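Engineer: There's a structure below that I have some questions on.
There are 2 protein chains.
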Amino acid sequence: MFLQTYETYNSINDRDLKEKNVVVIDTLRATSVITTALFNGAKEVIPVSEVEEAIELSKNFDRDTFLLAGERNSQKIEGFDLSNSPLEYVPEKVKGKTIIFTTTNGTRALKKVASAEEVILGCLLNVSAVARYISKSNKDTVIVCAGTEGKFSFDDILTAGAIYEKLKSLTDFESDDLSKASYFLYKPYENNLYDIMKYGYHLRRLEELGYTEDIKFCLTVDKFDIVPKLKNGIVRTSQDF
Amino acid sequence: MFLQTYETYNSINDRDLKEKNVVVIDTLRATSVITTALFNGAKEVIPVSEVEEAIELSKNFDRDTFLLAGERNSQKIEGFDLSNSPLEYVPEKVKGKTIIFTTTNGTRALKKVASAEEVILGCLLNVSAVARYISKSNKDTVIVCAGTEGKFSFDDILTAGAIYEKLKSLTDFESDDLSKASYFLYKPYENNLYDIMKYGYHLRRLEELGYTEDIKFCLTVDKFDIVPKLKNGIVRTSQDF
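In the order they appear, the protein sequences are chains A and B. Letter by letter, the first sequence follows residues 1 to 241 in my numbering. Letter by letter, the second sequence follows residues 1001 to 1241 in my numbering.
And the structure:
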């Protein structure tokens, strides 16, 4: 098994993903939000790239079956039901609902890799579940970090490092330089990820906007034992497909 | 001053480089070779992308004034005078010569950023000289790693980390996530870079090809106190311009 990591989705092309597991990571906060929503009983999450697309798509649903959700510039979108804060995705709100979801980095990364056969979603909340999924599948795997504003982002790379570490305890595998680098960055901070994450531009920006509780939540390792999976444009927990 | 690091030259565009210092790194081995050649008295190095281009260009020079040099697949090019091994660039061979030079990653990275106003070349051999140059210029700086086969490569990123560390001791600056990550990767291994470099695909490939002495040479920190600079397509030491 060979593990590759991409710091963003910019340079990915379909050939890189052929016959591989693809793991999309956007720890702050899109994949953390989707994982939380599904764990708390949401029926499904439909990622879309644009705000207008989300509104258009919602017209196909009865009003009490869907929620419009997401962010632009890390803030809630006007007229939407939910922002990009995982803390809002409580069972009382999301149970049984279809969540139409648009964010700046995360949903675009999902769209970019949508043609791959197996796309799963990773974040710190479900690191072990993702590592087990990869190990069981025993297929070459590509980790695609959403990145921040098109660039390498600490939060996603450190999550890749956490997955690498769990995977190492489950199976033997080869990997590229960035996968190994993510592990070397993660390992000294495994018991206090905030101590390295705090140097990241994205985390600092969220702190400035007051999202301290969101960050604390998203930095929790292995809170949820589920693997969200993207299929035909819809994300559900992997056992629901 | 703001420092940015790019893991490869793939996603760079001219706008990213405008009014900035650009530092190109290809530690294994192109920028190490060029730095060594200039230190040992070569008049100049002309980087070109293609083998045919190198041969064509050489026709403009008298035979005793130039050397054809470079590699393909890490190996010497047939009919060329020198390979991509810094150990070959001794004073007896290179003194006063124009070196027409083509490599897979390094010279392509140089071509990609050639439009920038200030392009200097970095490697472990001249880390402190590069850091001093950046600090004195006090301009926003972009480090462009050549990478290996279009991907993130340990050797270049760790060199970026070494430059970051020297720069930190000279001046205050802000930086992006990858610059900081390069420092976090470098710092624990600063006294034995081989212990982390050895995990890199590129270094292992060179070892398999028998270039152990080259690696040892290229991993020497601060052997040379010069800064090669690219101007109008030609690399000379910065004080020669």
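Glycine included, each C-beta is placed from N, C-alpha and C at the ideal position. In this text the structure is predicted, and so the values were computed from the model without any measurement.
#1: What in chain B is Cβ-close to residue 76 (chain A), meaning under 8 Å?
#2: Where DSSP assigns a beta bridge to residue 236 (chain A), which residues make up the other side?
#3: At which residue ranges does the segment 1057-1111 of chain B contain complete alpha helix (DSSP H) runs of 4 or more residues, listed in the order of the chain?
#4: Could you work out which residues of chain A lie near residue 1190 (chain B), taking near to mean beta carbons separated by less than 9 Å?
#5: When burial is assigned at 16 or more other CB atoms within 10 Å of the CB, is residue 1085 (chain B) buried or exposed?
#6: Could you spell out the range, first to last residue, of the beta strand (DSSP E) harbouring residue 159 (chain A)?
#7: Identify, in the order they occur along the chain, each residue of the same chain with its Cβ nearer than 7 Å to the Cβ of residue 1162 (chain B), setting aside the five sequence neighbours on each side.
#8: Based on Cα-Cα distance, which residue from A:53, A:57 and A:104 lies nearest to residue 76 (chain A)?
#9: Would residue 195 (chain A) and residue 28 (chain A) be called neighbours here (beta carbons separated by less than 9 Å)?
#10: So, does the CB of residue 1180 (chain B) fall closer than 9 Å to a CB anywhere in chain A?
#11: For residue 46 (chain A) and residue 98 (chain A), which I take to be in contact (beta-carbon distance under 8 Å), what is that distance rounded to the nearest angstrom?
#12: Let me know the secondary structure DSSP gives residue 1136 (chain B) once reduced to three states.
#13: Contact defined as beta carbons within less than 8 Å: I believe residue 1160 (chain B) pairs with residue 1145 (chain B). What is the distance between those atoms, to the nearest angstrom?
#14: Using a threshold of 9 Å, state whether the C-beta atoms of residue 21 (chain A) and residue 95 (chain A) are closer than that.
#15: Given a limit of 9 Å on CB to CB distance, which residues of the segment 1004-1022 of chain B reach chain A?
#16: According to DSSP, simplified to helix, strand and coil, what is residue 117 (chain A)?
#17: For residue 1237 (chain B), is the beta carbon positioned less than 8 Å from some heavy atom of the ligand ZN?
#18: Could you compute how far the alpha carbon of residue 1106 (chain B) sits from the alpha carbon of residue 1031 (chain B)?
#19: Given this structure, state the Cα-to-Cα distance separating residue 1199 (chain B) from residue 1149 (chain B), to the nearest angstrom.
#20: Whole angstroms is fine: what's the gap from residue 189 (chain A)'s alpha carbon to residue 1087 (chain B)'s?
#21: Interface residues of chain A around residue 1233 (chain B) at Cβ under 9 Å?
#22: Do you know whose CA, among A:217, A:206, A:1 and A:207, lies nearest residue 36 (chain A)'s CA?
#23: Against residue 1167 (chain B), what residues of chain A qualify as contacts under a CB-to-CB distance less than 7 Å, listed in chain order?
#24: What's the gap between the Cα of residue 1170 (chain B) and the Cα of residue 1079 (chain B)?
#25: Does the CB of residue 25 (chain A) have a neighbour CB from chain D at under 9 Å?
#26: Just how far apart, CA to CA, sit residue 153 (chain A) and residue 1168 (chain B)?
#27: Below 7 Å CB to CB, which residues in the same chain sit around residue 183 (chain A) once its five sequence neighbours on both sides are set aside?
#28: What does residue 1185 (chain B) touch in chain A if you count any residue whose Cβ is under 7 Å from its own?
#29: Contact between the segment 1052-1060 of chain B and the segment 1110-1117 of chain B: three or more CB pairs below 8 Å?
#30: Using beta-carbon positions only, say whether residue 1026 (chain B) and residue 151 (chain A) come within less than 9 Å of one another.
#31: Which residue's Cα is closest to the Cα of residue 1040 (chain B): B:1230, B:1223, B:1231 and B:1233?
#32: Identify the residues that DSSP records as bridge partners of residue 1003 (chain B): which are they?
#33: Let me make sure I understand the geometry here. Which of A:191, A:180, A:207 and A:133 has the alpha-carbon closest to that of residue 239 (chain A)?
#34: Taking a cut of 9 Å between CB atoms, which residues from the segment 1105-1122 of chain B lie near chain A?
#35: Taking the alpha-carbon positions, what's the residue 5 (chain A) to residue 1180 (chain B) distance?
#36: Please go through the same chain and pick out, in chain order, the residues whose beta-carbon is closer than 7 Å to the beta-carbon of residue 1043 (chain B), but skip the five residues on each side of it.
Structural biologist: On the basis of the supplied data:
#1: Taking the first sequence and counting its residues from 1, one reaches residue 76 (chain A) at position 76. Within chain B, no residue comes near residue 76 (chain A); the closest Cβ sits about 25 Å away, beyond 8 Å.
#2: Counting from one through the first sequence, the residue named residue 236 (chain A) turns up at place 236. DSSP output for residue 236 (chain A) lists A:229 as bridge partner(s).
#3: 1091-1094
#4: In the second sequence, residue 1190 (chain B) corresponds to position 190, counting from 1. Going along chain A, no residue has its Cβ under 9 Å from residue 1190 (chain B), so there is no contact; the nearest lies around 14 Å.
#5: The count along the second sequence starts at 1 and reaches residue 1085 (chain B) at position 85. By the neighbour-count rule (16 or more Cβ atoms within 10 Å), residue 1085 (chain B) is buried.
#6: Locating residue 159 (chain A) in the first sequence gives position 159, counting from the first residue. No beta strand (DSSP E) holds residue 159 (chain A); the alpha helix (DSSP H) holding it covers 154-170.
#7: Here residue 1162 (chain B) corresponds to residue number 162 of the second sequence, with the count starting at 1. For residue 1162 (chain B), where only same-chain residues beyond five positions count, the Cβ hits under 7 Å are 1124, 1127, 1186 and 1221.
#8: Mapped onto the first sequence, residue 76 (chain A) falls at position 76. For the residues A:53, A:57 and A:104, the minimum Cα distance to residue 76 (chain A) belongs to A:104.
#9: The residue labelled residue 195 (chain A) in the question sits at position 195 within the first sequence. The residue labelled residue 28 (chain A) in the question sits at position 28 within the first sequence. Cβ distance not < 9 Å, so residue 195 (chain A) and residue 28 (chain A) don't count as in contact.
#10: Along the second sequence, read from residue 1 onward, the residue named residue 1180 (chain B) stands at position 180. Taking Cβ atoms only, chain A reaches closer than 9 Å to residue 1180 (chain B), which makes this a yes.
#11: To locate residue 46 (chain A), count along the first sequence from 1; it is residue 46. To locate residue 98 (chain A), count along the first sequence from 1; it is residue 98. About 6 Å separates the two Cβ atoms, so the contact holds.
#12: Taking the first residue of the second sequence as 1, we reach residue 1136 (chain B) at position 136. If DSSP states are grouped into helix, strand and coil, residue 1136 (chain B) belongs with the helices.
#13: Position 160 of the second sequence, counted from the first residue, corresponds to residue 1160 (chain B). Position 145 of the second sequence, counted from the first residue, corresponds to residue 1145 (chain B). Between residue 1145 (chain B) and residue 1160 (chain B) the Cβ distance is about 6 Å, and since that is below 8 Å, they are a contact.
#14: What you label residue 21 (chain A) is simply residue 21 of the first sequence in a count that begins at 1. What you label residue 95 (chain A) is simply residue 95 of the first sequence in a count that begins at 1. No, Cβ-Cβ distance for residue 21 (chain A) and residue 95 (chain A) is not below 9 Å.
#15: 1004, 1005, 1006, 1007, 1008, 1010 and 1011
#16: Within the first sequence, numbered from 1, the residue matching residue 117 (chain A) stands at position 117. Here residue 117 (chain A) sits in coil by DSSP.
#17: Judged by which ligands are present, the structure shown has none, so any question about the ligand ZN falls away.
#18: To locate residue 1106 (chain B), count along the second sequence from 1; it is residue 106. To locate residue 1031 (chain B), count along the second sequence from 1; it is residue 31. Spanning the two alpha carbons is a distance of roughly 7 Å.
#19: Within the second sequence, numbered from 1, the residue matching residue 1199 (chain B) stands at position 199. Within the second sequence, numbered from 1, the residue matching residue 1149 (chain B) stands at position 149. Each residue's Cα considered, the two are about 16 Å apart.
#20: The count along the first sequence starts at 1 and reaches residue 189 (chain A) at position 189. The count along the second sequence starts at 1 and reaches residue 1087 (chain B) at position 87. Roughly 39 Å between the two C-alpha positions.
#21: Start at 1 with the first residue of the second sequence, and residue 1233 (chain B) comes out as number 233. Within chain A, no residue comes near residue 1233 (chain B); the closest Cβ sits about 27 Å away, beyond 9 Å.
#22: For the purposes of this step, residue 36 (chain A) is taken as residue 36 along the first sequence, with counting starting at 1. Of the listed residues, the one whose Cα sits closest to residue 36 (chain A) is A:217.
#23: Here residue 1167 (chain B) refers to the residue found at position 167 of the second sequence. Ordered by position in chain A, no residue passes the 7 Å Cβ test against residue 1167 (chain B), which lies about 16 Å from the chain.
#24: The count along the second sequence starts at 1 and reaches residue 1170 (chain B) at position 170. The count along the second sequence starts at 1 and reaches residue 1079 (chain B) at position 79. Near 45 Å, if we compare the C-alpha coordinates of residue 1079 (chain B) and residue 1170 (chain B).
#25: Absence of chain D from the displayed structure is noted, the protein chains being A and B.
#26: Counted from its first residue, the first sequence places residue 153 (chain A) at position 153. Counted from its first residue, the second sequence places residue 1168 (chain B) at position 168. So the alpha carbons of these two residues sit roughly 21 Å apart.
#27: Taking the first residue of the first sequence as 1, we reach residue 183 (chain A) at position 183. Correct list, in chain order: 161, 164 and 165.
#28: Taking the first residue of the second sequence as position 1, residue 1185 (chain B) is located at position 185. Those are 181, 184 and 185, listed as they occur along chain A.
#29: no
#30: Reading the second sequence from its first residue, position 26 is the one you call residue 1026 (chain B). Reading the first sequence from its first residue, position 151 is the one you call residue 151 (chain A). No, the pair does not count as a contact, with Cβ atoms beyond the cut-off.
#31: Residue 1040 (chain B) sits at position 40 when you count from the first residue of the second sequence. Comparing Cα-Cα distances from residue 1040 (chain B) to each of B:1230, B:1223, B:1231 and B:1233, the minimum goes to B:1223.
#32: Taking the first residue of the second sequence as position 1, residue 1003 (chain B) is located at position 3. Bridge partners of residue 1003 (chain B): B:1141 and B:1175.
#33: Along the first sequence, read from residue 1 onward, the residue named residue 239 (chain A) stands at position 239. Residue 239 (chain A) has its Cα closest to that of A:133, out of A:191, A:180, A:207 and A:133.
#34: none
#35: Counting from one through the first sequence, the residue named residue 5 (chain A) turns up at place 5. Counting from one through the second sequence, the residue named residue 1180 (chain B) turns up at place 180. Their backbone Cα atoms lie some 18 Å apart in a straight line.
#36: Against the second sequence, residue 1043 (chain B) aligns to sequence position 43. Same-chain partners within the cutoff: 1096, 1097 and 1098.
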